[in-house]
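*Asks:*
Number of protein chains: 4
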Amino acid sequence: MINAGIIGATGYAGQELIRLLYTHPDVNIVYLSSHSYAGKKLSEVYPNFTGLLDMELVSMDAKKMADDCDVIFFALPHGLTADQISEDILNKVKIIDLGADFRLKDKEVYENWYKVEHSRPHFLEESVYGLCELNREKIKKARLVANPGCYTTCSITSLAPLVTGNLIDLSSIIIDAKSGISGAGRSINLPTHFTESNESFKAYGVGTHRHTPEIEQELSRIAGKNIVLSFTPHLIPMNRGILITAYASLSEKTNSEKLLKIYNDFYKNEKFIRMFPAENLPETRFVRNSNFVDIGLKIDPRTNRVIVVGAIDNLIKGAAGQAVQNMNIMFGISEDSGLDIVPTVI
Amino acid sequence: MINAGIIGATGYAGQELIRLLYTHPDVNIVYLSSHSYAGKKLSEVYPNFTGLLDMELVSMDAKKMADDCDVIFFALPHGLTADQISEDILNKVKIIDLGADFRLKDKEVYENWYKVEHSRPHFLEESVYGLCELNREKIKKARLVANPGCYTTCSITSLAPLVTGNLIDLSSIIIDAKSGISGAGRSINLPTHFTESNESFKAYGVGTHRHTPEIEQELSRIAGKNIVLSFTPHLIPMNRGILITAYASLSEKTNSEKLLKIYNDFYKNEKFIRMFPAENLPETRFVRNSNFVDIGLKIDPRTNRVIVVGAIDNLIKGAAGQAVQNMNIMFGISEDSGLDIVPTVI
Amino acid sequence: MINAGIIGATGYAGQELIRLLYTHPDVNIVYLSSHSYAGKKLSEVYPNFTGLLDMELVSMDAKKMADDCDVIFFALPHGLTADQISEDILNKVKIIDLGADFRLKDKEVYENWYKVEHSRPHFLEESVYGLCELNREKIKKARLVANPGCYTTCSITSLAPLVTGNLIDLSSIIIDAKSGISGAGRSINLPTHFTESNESFKAYGVGTHRHTPEIEQELSRIAGKNIVLSFTPHLIPMNRGILITAYASLSEKTNSEKLLKIYNDFYKNEKFIRMFPAENLPETRFVRNSNFVDIGLKIDPRTNRVIVVGAIDNLIKGAAGQAVQNMNIMFGISEDSGLDIVPTVI
Amino acid sequence: MINAGIIGATGYAGQELIRLLYTHPDVNIVYLSSHSYAGKKLSEVYPNFTGLLDMELVSMDAKKMADDCDVIFFALPHGLTADQISEDILNKVKIIDLGADFRLKDKEVYENWYKVEHSRPHFLEESVYGLCELNREKIKKARLVANPGCYTTCSITSLAPLVTGNLIDLSSIIIDAKSGISGAGRSINLPTHFTESNESFKAYGVGTHRHTPEIEQELSRIAGKNIVLSFTPHLIPMNRGILITAYASLSEKTNSEKLLKIYNDFYKNEKFIRMFPAENLPETRFVRNSNFVDIGLKIDPRTNRVIVVGAIDNLIKGAAGQAVQNMNIMFGISEDSGLDIVPTVI
């Protein structure tokens, strides 16, 4: 059994992690830490756990947790996790960081987009970007995994096969992304007050969203060329789910079947990536509560563009589910252990 | 392994059953029948099953299914299941009927509320009302289980402890019930068209809803006295969940603690019934996607009434989950096998 | 033209008032005060007013406003308005208080339910309870009108005809009330965070909601007898609308037609009360954005109870609309001036 | 007074038209025709009109209506309106067609996208494309106005100033559009069944949506050059509102202020177009129930693209409101008569 601790257990990603780890056959939850609710029982904060897990939430003590745990999941706002990471910790326990601190390889890019100084830049090289389908071999050996962002996971997996080869004009990529409101987290504020967000739709962070450099970094790595792209997130009045609609200009005339074959080959052994057949496109409900990425695409011959549509559950494949998948890979157990979930379509 | 067939597989209850049985460790799904979609693959109708279960949907052939299955789940509109039941079928296979045909013991009551003749009244006595927590011993030996209605399950479990003893005036019971729209099923019609039901709230079936006699039958049986009550259902603009608010006049002054103790004793070994502590009340999100019934109560000393609030997921404990629980009991396996689900609070 | 000022202009009731008064043919808006946003322009806080009303929000100065206004609307949390009321103010300007300070005639009842001392109890007798349809004559002459609560308006109008005569057992009244989330106001908190309230349903304030004594006070006055009743509010995951389902035991056998006739007679000249014909019941969408109260009822002969269903828009007839209706009455202009709105059913 | 008739009165656009015309100071509604509900009263189909307008719905008789009306609004599925139009009709009555039959100037383009033959192509040249802000002078003199589509109105107004001059690469335009579900109309079908569309998000009609050639036709006309663009619609789980996010590559470096100035100049006398200041972007709630188009934009210097965000209420400015605006222009009355609505932000 893997002894697991979660730091930041009462945020939405943290809570989802607890849900997934609680039913994971190979995991014991040994610590749940929460800054806001230390001293309370989990079921007082999240009554869905009533009668299931009545563990007390504790204050963060990363050193003690490192002694008692085999893996620690950090689910904290950016900047806070880096402060806790040290050679000593990494020698004792595997770290999966659901935050942004170790995702960007370039310290300056991080500081430029996050507007804070990075306190542990010397771990940036070692950390592995935990997009499981693309970095599996590195993850197996990693001490420190940077779990990707939600928009990022959906965007990169939806576009990765397209930036290999010479299929598209790499400067033409536009990602129009839409997310359910759980992506904004549990911290209360006016824009996510029910009556301010229900029955409305908006764009936000246009040109400035922090997932942009993360998408560019990974797609550039896969393409072997520097990619700069447009990324625009929007808020959908619903709880869960991300759908991205990506546009790119085709280098030459092709058809859906050819592109789908490239995608199917690229992801041929991937259990969590589901390619939709031609003329079929994902909807967020088809992946709800699951670890799947659903991808479909269409070619518009009038404009010679390809339109790729990808969908994930932002809290599962976009956060807690991929974190569990990373843990499974790091500990050499079946990659879908604890993640064998049929999406709840209703 | 239990070989299971589902008739009416593409309605919402049917689809939920497939979801639950697909991950059930002791079950093989061997038949899925669908009147509307026979010949199609399941994943064409429900793309959430893409890559998971690509079984072809077939036309109903109860006799053939009886030969190949250990259990058949019927999830059909009322009237249609009864026609399929025969001594021959029951000798071969266990039947769990998610419809209404065998819930009411009195043929006349059935025909009065459902406005159709009952085609197999001779099985009404044998059939067991499958509210697991109340009829477990009979279910163990049953050939034919009538899986309770959604409102019914929530109402009966929320009130059962209260109608025992001499706690309340049995003529004073009022159940004000509210359900998410999945309770209306998958058949399209104007009232459940998105723009006709979203952002609105209404009562329906006032004084005439068919779950009323079912609730009265079971509570009367438990009370040992004839109970007539008011039941008013409402539609909530959301997908899943039922919450009932029940009112009854107390026979004598008491307090929440005493009543909660009676409830806790009544349900002391029940894994799927969760009593909320004093001053805490259920919300539908705390049971979402799970097989739990959450119950809380409050006494209003001003009116000397008790107000009981119960919540379930209408598609799980109110339909497919309880059907699986019944199967587990009938086959002598762990009652929570395949139902070990942490509610998805978001 | 009536010069109007609003204190508490940026809460939801305040904003709705501005909307209604802006298009009111007989009103000039001369002051908008906001504690939180003084110094900002209205359209910065509520961009729906962009290009329409770019008035600057100011700090509250009731004395100055009394000099410049013909009417002041207070839309403040309870306790704050009372402090501003004085003989001097009332001699200069008509006051319509959308808060709770002057609704309850009995100081002790107020202090008991609101848990604060009343700072101006000497105005309780003079203040007129502004449920327009029931107190029109007093409102005409009032200096200080206490605009009723949202649940209260819906509950009282739905039950008033029933408590006259000897139609029901007055001790049997139960009001099960449901409200859209705008009723909780604009102050952010966890329960009204989008992802904590969307797709869920709950009861709250069971036995303790402050609208209870207000309903009891007015129904008792109408009945001429002391009424104590059960009132249970619930939150619906939608923006606007209240629906109440009220239960009462009939004194003798009757039928829907007779009761509907009593209601129709009671409200025969009321433009804003719409009685639904037998077998038809209100839905909140049928009154959305309008000042109507829709009422329907049904008799359940099995239990000899009447079930009354009432619906309003909580922000209009339940707050700002009724406030405008009160103003119209106080100033002797057409009662529906500025309120001639067809409900937006979609 | 203008005598108005509506054909297709019980669809969503028709119902909105009735709402707007009912309170329009210069209009008498004299006919409401409905194929599905002829013989019923309006308030039986739409109870929001209870007590307001109890007119009986009749079968379509365009000739008779032409005799009695000054204007007829057609709100029918494509193909049906064209059949009704004749020189005789046009000589008697002004026609505003909310459908698609007379929007596209080129018969072949129409037949290519709509897959039906056009029965009255000889009126295509005469008909005026009723985007009021762009074609006002022609509308004044028109006998037959083709009211634009919902996506179209939002897309064209959001991009018109950008395709004038040499600001962008005209081949680079991508419009990612999102609509509330009322845009799908009142006809029931599975995709708009509540539980199939709530809490989910999807793209549809990718590369094939019929509003595409309409947008291209008008933007090409404004640009004076042939424009081919990408248009992708999506469904948002909410009732009302369209938001489009449009992307285009800038011809040369510029900044938001310069572009906003161009927009402000372009729309300087337009009451219903509201430009948002730099760094502010529209949300659909800011225009809800109103006839406004809200537009904001941002420049992304990293990609040298401009991102324009536009929002409308699809049923008002995207259908019934613009139809009324067209009527106002055609009859020489104040353009905002009957449209003086403050958006209902909640």
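The listed protein sequences derive, respectively, from chains A, B, C and D.
Quick note on our numbering: the first sequence kicks off at 1 and runs consecutively.
Quick note on our numbering: the second sequence kicks off at 347 and runs consecutively.
Quick note on our numbering: the third sequence kicks off at 693 and runs consecutively.
Quick note on our numbering: the fourth sequence kicks off at 1039 and runs consecutively.
Beta carbons are placed, not taken as given, at the ideal position from N, Cα and C, and that holds for glycine.
These numbers were taken from a predicted model, which means no experiment stands behind them.
Note the first and the last residue of the continuous alpha helix (DSSP H) segment covering B:T503.
*Replies:* To locate residue 503 of chain B, count along the second sequence from 1; it is residue 157. It spans C496 to V509 - the alpha helix (DSSP H) in which B:T503 sits, taken as one unbroken run.
*Asks:* If the criterion is Cβ atoms closer than 7 Å, does the pair D:M1098 and D:G1043 meet it?
*Replies:* If you number the fourth sequence from 1, residue 1098 of chain D lands on position 60. If you number the fourth sequence from 1, residue 1043 of chain D lands on position 5. Not closer than 7 Å, so no.
*Asks:* Considering only C-alpha positions, which residue in the set A:I299, A:K140 and A:S86 is nearest to A:S119?
*Replies:* The residue given as residue 119 of chain A occupies position 119 in the first sequence. With distances taken between Cα atoms, A:S119 lies closest to A:S86.
*Asks:* Spell out a yes or no on whether the region 879 to 886 of chain C and the region 936 to 948 of chain C are touching, meaning 3 or more CB-CB pairs, one atom from each, closer than 8 Å.
*Replies:* No, the region 879 to 886 of chain C does not touch the region 936 to 948 of chain C.
*Asks:* Please name the residue or residues paired with A:S230 in a DSSP beta bridge.
*Replies:* Walking along the first sequence from the start, residue 230 of chain A turns up at place 230. In the DSSP output, where bridge partners are listed per residue, A:S230 has A:I174.
*Asks:* List, in order along the chain, the chain A residues whose C-beta lies closer than 9 Å to that of B:E545?
*Replies:* By 1-based counting over the second sequence, the position of residue 545 of chain B is 199. Simply N198 and E199.
*Asks:* Got a sec? Which residues, its chain only, sit under 8 Å from B:A408 by beta carbon, not counting five neighbours each side?
*Replies:* As a working mapping, residue 408 of chain B is identified with position 62 in the second sequence. I353, I418, Q430 and I435.
*Asks:* In this structure, what does DSSP give as the bridge partners for B:Y368?
*Replies:* Position 22 of the second sequence, counted from the start, is the residue given in the question as residue 368 of chain B. Bridge partners of B:Y368: none, in fact.
*Asks:* Just to confirm the assignment, what range does the alpha helix (DSSP H) spanning C:A754 have?
*Replies:* Residue numbering aside, residue 754 of chain C sits at position 62 when the third sequence is read from its first letter. First-last of the alpha helix (DSSP H) with C:A754: A754 to D760.
*Asks:* Counting C-beta neighbours from all protein chains within 10 Å, is the total for A:K225 16 or more, i.e. buried, or is it exposed?
*Replies:* Here residue 225 of chain A refers to the residue found at position 225 when the first sequence is read from its first residue. Looking at its Cβ environment, which holds fewer than 16 other Cβ atoms inside 10 Å, A:K225 is exposed.
*Asks:* Please list the residues of the region 626 to 657 of chain B that have a C-beta atom closer than 7 Å to any C-beta atom in chain C, keeping them in chain order.
*Replies:* Residues passing the 7 Å Cβ filter: L627, E629, T630, R631, K644, D646, R648, T649, R651, I653 and V655.
*Asks:* Show which residues of chain A have a CB atom less than 9 Å away from the CB atom of D:Y1285.
*Replies:* Within the fourth sequence, the letter at position 247 stands for residue 1285 of chain D. Within chain A, the residues near D:Y1285 are I174, D176, S230, T232 and Y247.
*Asks:* If you draw a straight line from the alpha carbon of A:G149 to that of D:I1211, how long is it in whole angstroms?
*Replies:* The count along the first sequence starts at 1 and reaches residue 149 of chain A at position 149. The count along the fourth sequence starts at 1 and reaches residue 1211 of chain D at position 173. Between A:G149 and D:I1211, the C-alpha separation is close to 28 Å.
*Asks:* Quick check: what's the CA-CA separation for C:K1009 versus C:T845?
*Replies:* The residue you call residue 1009 of chain C lines up with position 317 of the third sequence. The residue you call residue 845 of chain C lines up with position 153 of the third sequence. Each residue's alpha carbon lies about 8 Å from the other.
*Asks:* Please identify, using Cβ separations under 7 Å, the residues of the region 1024 to 1035 of chain C that lie next to chain D, in order along the chain.
*Replies:* Cβ contacts with chain D come from D1032, V1034 and P1035.
*Asks:* What residues from the region 500 to 512 of chain B come within 8 Å of chain C, judged by C-beta to C-beta, listed N to C?
*Replies:* Here the close residues number zero.
*Asks:* Do you know how far the Cα of D:E1171 is from the Cα of D:Y1305?
*Replies:* Position 267 of the fourth sequence, counting from 1, holds the residue named residue 1305 of chain D. Position 133 of the fourth sequence, counting from 1, holds the residue named residue 1171 of chain D. Whole-angstrom Cα-Cα distance: 8 Å.
*Asks:* Compare the Cα-Cα distances from B:D522 to each of B:D682, B:D452 and B:I588 and report the closest residue.
*Replies:* Here residue 522 of chain B is taken as the residue at index 176 of the second sequence, counted from 1. The candidate whose alpha carbon is nearest that of B:D522 is B:I588.
*Asks:* Per DSSP, what are the beta-bridge partners of C:N1020 in this structure?
*Replies:* Sequence index remark: in the third sequence, residue 1020 of chain C carries index 328 (1-based). According to DSSP, which records beta bridges pairwise, C:N1020 is partnered with nothing at all.
*Asks:* If we cut at 7 Å on Cβ distances, does A:I168 have a partner in chain B?
*Replies:* Within the first sequence, the letter at position 168 stands for residue 168 of chain A. Output row for A:I168: interface = no.
*Asks:* With three or more beta-carbon pairs closer than 8 Å as the criterion, would you say the region 702 to 721 of chain C touches the region 35 to 54 of chain A?
*Replies:* Cβ pair count under 8 Å is below three, so no.
*Asks:* Among residues of its own chain, excluding the 5 on either side of A:S230, which ones have a beta-carbon nearer than 8 Å to its beta-carbon?
*Replies:* Residue 230 of chain A sits at position 230 when you count from the first residue of the first sequence. Here the set comprises I173, I174, I175 and G207.
*Asks:* Between the C-alpha atoms of D:E1163 and D:T1119, what's the straight-line distance to the nearest angstrom?
*Replies:* Sequence index remark: in the fourth sequence, residue 1163 of chain D carries index 125 (1-based). Sequence index remark: in the fourth sequence, residue 1119 of chain D carries index 81 (1-based). Between D:E1163 and D:T1119, the C-alpha separation is close to 16 Å.
*Asks:* Determine, for D:L1228, whether the minimum Cβ-Cβ distance to residues of chain B falls below 7 Å.
*Replies:* The count along the fourth sequence starts at 1 and reaches residue 1228 of chain D at position 190. So, interface residue.
*Asks:* Quick one: which residues of the region 695 to 716 of chain C get their C-beta closer than 8 Å to a C-beta of chain A? List them in chain order.
*Replies:* Correct list: Y704.
*Asks:* Beta-carbon within less than 8 Å of C:Y806's beta-carbon, same chain only, minus the 5 sequence neighbours each way: which residues are those?
*Replies:* If you number the third sequence from 1, residue 806 of chain C lands on position 114. So the qualifying residues of the chain are H770, G771, A792 and R902.
*Asks:* Are the region 644 to 658 of chain B and the region 579 to 595 of chain B touching, with three or more C-beta to C-beta distances below 8 Å?
*Replies:* Because the criterion of three Cβ pairs below 8 Å is met, the region 644 to 658 of chain B and the region 579 to 595 of chain B touch.
*Asks:* In angstroms, rounded to a whole number, what distance separates the CA positions of A:N328 and A:G14?
*Replies:* Residue 328 of chain A sits at position 328 when you count from the first residue of the first sequence. Residue 14 of chain A sits at position 14 when you count from the first residue of the first sequence. Whole-angstrom Cα-Cα distance: 17 Å.
*Asks:* Which word fits C:K786, buried or exposed, when buried means at least 16 other C-beta atoms lie within 10 angstroms of its C-beta?
*Replies:* Looking up residue 786 of chain C in the third sequence gives position 94. Buried is the call here.
*Asks:* Along the chain, where does the beta strand (DSSP E) containing D:Y1069 start, and where does it finish?
*Replies:* Counted from its first residue, the fourth sequence places residue 1069 of chain D at position 31. Run containing D:Y1069: V1065 to S1071, per the beta strand (DSSP E) assignment.
*Asks:* For the region 160 to 172 of chain A against the region 210 to 223 of chain A, do three or more pairs of beta-carbon atoms, one drawn from each stretch, fall closer than 8 Å, so that the two count as touching?
*Replies:* With a cut-off of 8 Å, the region 210 to 223 of chain A and the region 160 to 172 of chain A count as touching, because enough Cβ pairs lie within range.
*Asks:* Does any residue of chain C bring its CB to less than 7 Å from the CB of A:H35?
*Replies:* Here residue 35 of chain A refers to the residue found at position 35 of the first sequence. Closer than 7 Å: no.
*Asks:* Between the region 552 to 563 of chain B and chain C, which residues of the former have CB atoms less than 7 Å from a CB of the latter, in chain order?
*Replies:* Listed by position along the chain: V552 and G553.
*Asks:* Taking Cβ positions, are D:F1310 and D:G1334 nearer each other than 7 Å?
*Replies:* As a position in the fourth sequence, residue 1310 of chain D is number 272, starting the count at 1. As a position in the fourth sequence, residue 1334 of chain D is number 296, starting the count at 1. Result no, Cβ atoms of D:F1310 and D:G1334 do not sit closer than 7 Å.
*Asks:* Between the Cα of C:E1027 and those of C:N996, C:K990 and C:F984, spot the shortest distance and give me the residue it belongs to.
*Replies:* Here residue 1027 of chain C corresponds to residue number 335 of the third sequence, with the count starting at 1. Among C:N996, C:K990 and C:F984, the Cα nearest to that of C:E1027 is on C:F984.
*Asks:* Taking Cβ-Cβ distances below 7 Å as the criterion, which residues of the region 941 to 975 of chain C are in contact with chain B?
*Replies:* Those would be L973 and E975, in chain order.
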